[in-house]
Amino acid sequence: MLGAAATLVVVGMLGEVASESVRQGTTAGLRTAPEASFALAPRAEPSEPRQPSLLAARADRSPLVAPASAALDARVGLLVYGAVTEPSGAPVHADYMGIRFVSADGDQHHADLKDDATYSVTGLKPGAWTVTAGMVGYRPTSATLDLDASRPVTRLDLIVEPAVRLVVSAFTPDGLPLMETLREQAGAKKGWWNLRLSALASVEPLGELRPQFERGWDFFGVGRFIDRFEAVGTLERKVAALPPGALGWLDLSVSPPVYVTLAMRNAVLASQRVEPEQGEVVFHVALDAVSAAYASLTARFVDALTRLPLESVTLDLFDSQLAGTPQSKSDGNGLIRCEKLLPGGLRFEVEREGYEHLVANISLDAGEHADLGDVALAPATTLSGTVLDEEGHPIVAGVRVSVVDSSGPLTWDYSAWGYQSKGDGTFTIEHLGRRRYALRIADDERASVPVFVDAQAGDVSGIVLRAETGQSVSVRLDWPVTEQRGMRVRNTDGLSWTDWDGWSGQYVWKRRMPRGAYVAECYEGASVLQSLPFEVADAPVALTLTGK
Amino acid sequence: MRAVDALVGCVAGAACGALIAVLLRDDSGAGGVRPSPAPASPTADHLPAASSEDSAPDSAPSSPADAPPPAVEPLRPGLDARLGLLVFGAVDDASGVPAHVEGERIRFVPDDGPVLDARIDVSGRYALPGLHAGTWTVATECEGYRPTQATLALDGAQLATRFDILVQAAPRLIVLAETPDGLPLQDVLREPYAANGDAFALRLGAIATTAPPDALQPDPSRLWNGYGVGRFHDRNDAFGLRAPDIASRPEALGWLDVRAPMPVFVSLILAGVVLETQRVEAGQEEVRFRLEATDVTARLAGMSARFVDAFTLEPLEGVEFSLNMAELDHHTQPSDAAGLVHAEGLVPGRTSLQAQRQDYEMVDVTVTLAAGRTTDLGDIALAPAVSLGGMVLDEQGRPLAAALQVTVVDAASALPIDYSTWRWSSGGDGQFELAPLGRRRYLLRVDDDGVTSVPLLVDARGGDVSGLLLRAEAGQPVYVRCAWPGNAQRDLRLRSAEAALWDENILRRPPDTWTLHLGAGRYLVECCDGDDVLQSVPFEVAGKPVHIQLTGP
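Okay, structure coming up:
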């Protein structure tokens, strides 16, 4: 399953024990005792620390016991626990880590690693599971595990290999530490800064990078980059030991040779091949090359109805982690010019009293000057209505808004904005524009069929959203954990339920969705790798995207 | 309560004879099932054959004599000892509805050694490896439920033990506060401060007690939320909680989950000042307080102080100071030519005062502001600024980046300087420079995850000190078992042998264990109720772990 050598030791519990190894992608077999046993302790009950109570008295009369069964227990399910060690037998010391169990039918459980590098997970069902361990400083490890209903407790120890670690440094051609020099130029000597340089690792030389909406790249290809300027917690102490000029380090999930690329969001500054035994990568980058990568943008804001220019429109441009440039304001001609923008994806938020609050995404290439031309702002409109449950009772629920017809360089996107109905079921959404919208319920427990609202003529009231429990839809992303691909789920009207281009494999995306026809797609850049149409009706839906 | 009783009958009745037998055998000390003849440490190189003795809990009653427990190999050091014994189970609501306990922790407190925590998953299940044979106290304090506590005896012969927990929903009281003419009291109180953004420092809260409360230990921080037998949730801190529907009730301050049977006494408080108390009966779902805004503002505090040079005792002009959480109106003025400062409209209680002036040390002192009057703090002496420089090395002598802690040894003022909430650190080259400190004596130590150091006494009364060397070490674990009677929350403090305050505001409620790592030396741990020291235990850290039991007064 993995290109890297990963070893899995599987140990049965309380009886016959088996141990097999997984190397170079071979999955371990698992043999455990046909039956296992466990002790049953009296159930703990509510206690009253200070005063005798009904429940405390009850415990004396009739202690409760849990239904005992050595086989599958519906309440607790099957249990897997174990330790995670290095090949030397030493416990792993990982700053951040998780173990993920994904079943063939799209069930997913997470286990956290405790300080002593042990873990446990309950609620598993019989069948085949993919177990993936990912942690800072170690190669991702993945294997399959077959669980049997007759064996309630299984011990599974994982052995993970330390990642090949490359210290990444960058200097100017005359030997000055690049990041420190850039910071000094910008007067940002210490603490947080919106500019991040990232190191990306790939097996092949990199082509064009997908638009990056975050400040930088942490996971990419076969590497995980730890940025010394962003490290927190225990990592902060570790990066403090790095010498000047070091940007951080790359933990590789494969052995070199690899290609390491220095990137400023979507701008590739330099790239080089790294050979086996190499422990450091040093880039030399001219300050001018960094300056040239910045993008710029102009726009003219106009009234959507009169087409007259709008003065004092405020524009905020920032990435998905809310790092951005200072707010800009349009002049008397409605013009705004923004310089020194980081290349890549940006959130584009516009406000002016009496007009819609425009929220959109834009993507800028390295060095690009984007002229957006006229950006029309519609007079503000308000949508209001009520959310009812399946019995017609008003309820509190999360409400999402999508713009139906978004076109041009700006992509309207209200996905990061959530609204909520009140206790009486009513909701009011202000500062939208004279456009067509789709409203729907979107929270963990409920869904609704989208309601299309035409607000082109002004305010709309009396909208009714009918909540339904919907059906559980799971999409299993069945590509290697070390690879990232895009995945989107949308209905046949084009309304998106999710769309992100950086999903790592061996993960299950899960939502409750209303009845309707949908399509789940796996993509890479503009190429759709796999497209699965599906229908939500009376039963849960479980899909698997392999990306092939 | 009736529903719970009914459930008891139902479940107990449903438990078949086999289960009762299992339980009886548990009580007999022979374990709930036949002990497995398999070694307790199954490993890859040790493959015992499965046998029928390994099977599921025996459904037939059986005395210990029927099946004498075979010898069980002890857990081997290393991996198996680390995995230890496993406990797992489910947490259910005693009323029969699913308990909303996702993410809550279950504390497993041993007689000695560190507390282990199990996290409850989204379905109310948990599992916890790493336990050892012996007696454990298992406690929960799940949000919205009464605390539970039980004893669990683990036998090394059983690698896995199922232990289910029932929790009971806590009675919930919505706490309302309004003026006599029906306006939301807190909004009325905050309105004058809304413009400067400090309004949230004026927080009304509520406590529940089994008797009318005595005078409380004032504290303007939010530590009163868990006082007595209630847990108060401010409506503005309710993110992610299952809140009652109070969105349309501006007079609602939040809600109290009550841990004890009704009746209880509910008090409206401002910091540690009790404003009004009501008795709340069983079945009551709300408690409403009506007060004039002036009843609250009359309890606000004032302070005055004089800043002086620590050596000349001459007044210091231009000292800037702030009063942390106590400030409602952020307009404290620097000291005047006579060194005097004055502030009014403060939240009463214990707070920290920070002061600084060019060329002098920056200090942080803990002060207590009396309710309804101005407290004269007297002279606050600032020493001329110095810096302490040096290096941190690890046990192999390599430079180490680590967090450092500074303690003032001999504060001359009646208001001791407290840097316990401050953090300094060494850089990647191990170097550190701590400033602006004053011309005083200090204890420096490494205080970071997994490393500590023997405290280094530094005398900076003569000026800057450089060349200091701190050697980081793993230290020894110190386990402070909280075993005082009842369930009251206490404040633990640690002092060094020089009586310098080391750490404080470690709030604990039994059963619990405070685990810390300390370098060699002599220390004192105190169990406190506010400023009152209830118990003081001296101890020495040398070459082995230290176990301390705090039993209260």
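Protein chains in written order, with our numbering: chain A, 152 to 699; chain B, 54 to 606.
Ideal placement from N, C-alpha and C gives every residue a C-beta, glycine not left out.
Small disclaimer: the values here were computed from a predicted structure and weren't measured.
Contact list for residue i against chain A, beta-carbon separation under 8 Å
| i | result |
| --- | --- |
| residue 183 (chain B) | 265, 267 and 269 |
Residue i: contacting residues in chain A (beta-carbon distance under 9 Å)
| i | result |
| --- | --- |
| residue 519 (chain B) | Per Cβ cutoff of 9 Å: no residues; residue 519 (chain B) is ~20 Å from chain A at best. |
| residue 480 (chain B) | 391 and 392 |
| residue 454 (chain B) | 387, 388, 389, 390, 391 and 392 |
Alpha-carbon spacing of residue i relative to residue j, whole angstroms
| i | j | result |
| --- | --- | --- |
| residue 400 (chain A) | residue 699 (chain A) | 32 Å |
| residue 536 (chain A) | residue 554 (chain A) | 17 Å |
| residue 618 (chain A) | residue 605 (chain A) | 21 Å |
| residue 688 (chain A) | residue 642 (chain A) | 13 Å |
| residue 602 (chain B) | residue 546 (chain B) | 14 Å |
| residue 569 (chain B) | residue 556 (chain A) | 60 Å |
| residue 356 (chain B) | residue 415 (chain B) | 20 Å |
| residue 410 (chain A) | residue 338 (chain A) | 32 Å |
| residue 148 (chain A) | residue 353 (chain A) | A query on residue 148 (chain A) cannot be resolved here, the shown segment of chain A reaching from 152 to 699 and no further. |
| residue 495 (chain A) | residue 368 (chain A) | 11 Å |
| residue 253 (chain A) | residue 660 (chain A) | 11 Å |
| residue 306 (chain A) | residue 296 (chain A) | 11 Å |
| residue 523 (chain A) | residue 350 (chain B) | 56 Å |
| residue 425 (chain A) | residue 432 (chain A) | 7 Å |
| residue 578 (chain B) | residue 444 (chain B) | 29 Å |
| residue 140 (chain B) | residue 270 (chain A) | 12 Å |
| residue 506 (chain A) | residue 231 (chain B) | 38 Å |
Buried/exposed call for residue i, threshold 16 Cβ in 10 Å
| i | result |
| --- | --- |
| residue 512 (chain A) | buried |
| residue 383 (chain A) | exposed |
| residue 292 (chain B) | exposed |
| residue 265 (chain A) | buried |
| residue 183 (chain B) | buried |
| residue 194 (chain B) | buried |
| residue 260 (chain A) | buried |
| residue 376 (chain A) | buried |
| residue 475 (chain B) | exposed |
Chain-ordered chain A contacts of residue i [CB-CB under 7 Å]
| i | result |
| --- | --- |
| residue 176 (chain B) | 274 |
Contacts of residue i in chain B (Cβ-Cβ under 9 Å)
| i | result |
| --- | --- |
| residue 226 (chain A) | 142, 143, 145, 176, 177, 178 and 217 |
| residue 230 (chain A) | 139, 141, 178, 180 and 213 |
| residue 288 (chain A) | Near residue 288 (chain A) there are no residues of chain B at all, since even the closest Cβ is about 15 Å away, more than 9 Å. |
| residue 234 (chain A) | 132, 133, 135, 136 and 182 |
| residue 253 (chain A) | In chain order: nothing, as chain B lies at least about 16 Å away. |
| residue 453 (chain A) | Result: empty, since nearest Cβ-Cβ is about 36 Å, beyond 9 Å. |
| residue 550 (chain A) | Result: empty, since nearest Cβ-Cβ is about 15 Å, beyond 9 Å. |
Per-residue contacts from residue i into chain B (C-beta, under 8 Å)
| i | result |
| --- | --- |
| residue 658 (chain A) | Those do not exist, as residue 658 (chain A) stays about 17 Å from chain B at its closest Cβ, beyond 8 Å. |
Min CB distance residue i to chain C below 8 Å
| i | result |
| --- | --- |
| residue 304 (chain A) | Within the model displayed, chain C is absent; protein chains A and B are what it includes. |
Any non-hydrogen atom of the ligand GDP within 7 Å of residue i CB
| i | result |
| --- | --- |
| residue 536 (chain A) | No copy of the ligand GDP occurs in the structure displayed, which carries no ligand at all. |
Could you list the residues in the region 502–513 of chain B with a C-beta less than 8 Å from some C-beta on chain A, going in chain order?
-> Taking 8 Å as the Cβ-Cβ cut-off against chain A, the residues of the region 502–513 of chain B that qualify are 502.
Mind checking the region 381–411 of chain A against chain B and listing, in chain order, the residues whose C-beta falls within less than 7 Å of any C-beta there?
-> Here the close residues are 385, 388, 391, 392 and 393.
Contact residues within the region 295–315 of chain B, judged by C-beta distance below 8 Å to chain A | Taking 8 Å as the Cβ-Cβ cut-off against chain A, the residues of the region 295–315 of chain B that qualify are 298, 300, 301, 312, 313 and 314.
Note down, one range per segment and in chain order, each beta strand (DSSP E) of at least 3 residues found wholly within the region 335–361 of chain B.
-> Within the region 335–361 of chain B, the runs of beta strand (DSSP E) at least 3 residues long that lie entirely inside it are, in chain order, 339–343.
Unbroken beta strand (DSSP E) runs of length 3 or more, entirely within the region 398–464 of chain A: which are they?
-> Entirely contained in the region 398–464 of chain A, the beta strand (DSSP E) runs reaching 3 residues are, in chain order, 409–415, 418–425, 431–435 and 446–454.
Going along the chain, which unbroken runs of the beta strand (DSSP E) with 3 or more residues stay wholly within the region 372–401 of chain B?
-> Listed in chain order, the complete beta strand (DSSP E) runs (minimum 3 residues) inside the region 372–401 of chain B are 373–375 and 393–399.
Chain-ordered residues of the region 570–587 of chain A with a beta carbon less than 9 Å from chain B = Taking a C-beta cut-off of 9 Å against chain B, the contacting residues of the region 570–587 of chain A are 573, 574 and 575, listed in chain order.
For the region 177–206 of chain B, which segments carrying the beta strand (DSSP E) assignment without a break, of at least 3 residues, lie completely within its bounds, in sequence order?
-> Counting only runs of 3 or more, we get 178–184 and 187–193.
Residue ranges of each beta strand (DSSP E) run of no fewer than 3 residues wholly in the region 531–604 of chain A, ordered along the chain?
-> Runs of the beta strand (DSSP E) inside the region 531–604 of chain A: 532–539, 549–554, 577–583 and 587–592.
Entirely enclosed beta strand (DSSP E) segments - the region 507–581 of chain B, minimum 3 residues = Counting whole runs of 3 or more residues, the region 507–581 of chain B contains the beta strand (DSSP E) stretches 509–512, 518–526, 529–535, 543–549, 554–561 and 565–571.
Which parts of the region 430–475 of chain B are runs of the beta strand (DSSP E), unbroken and 3 residues or longer, counting only runs that do not cross its ends?
-> Entirely contained in the region 430–475 of chain B, the beta strand (DSSP E) runs reaching 3 residues are, in chain order, 438–446 and 456–461.
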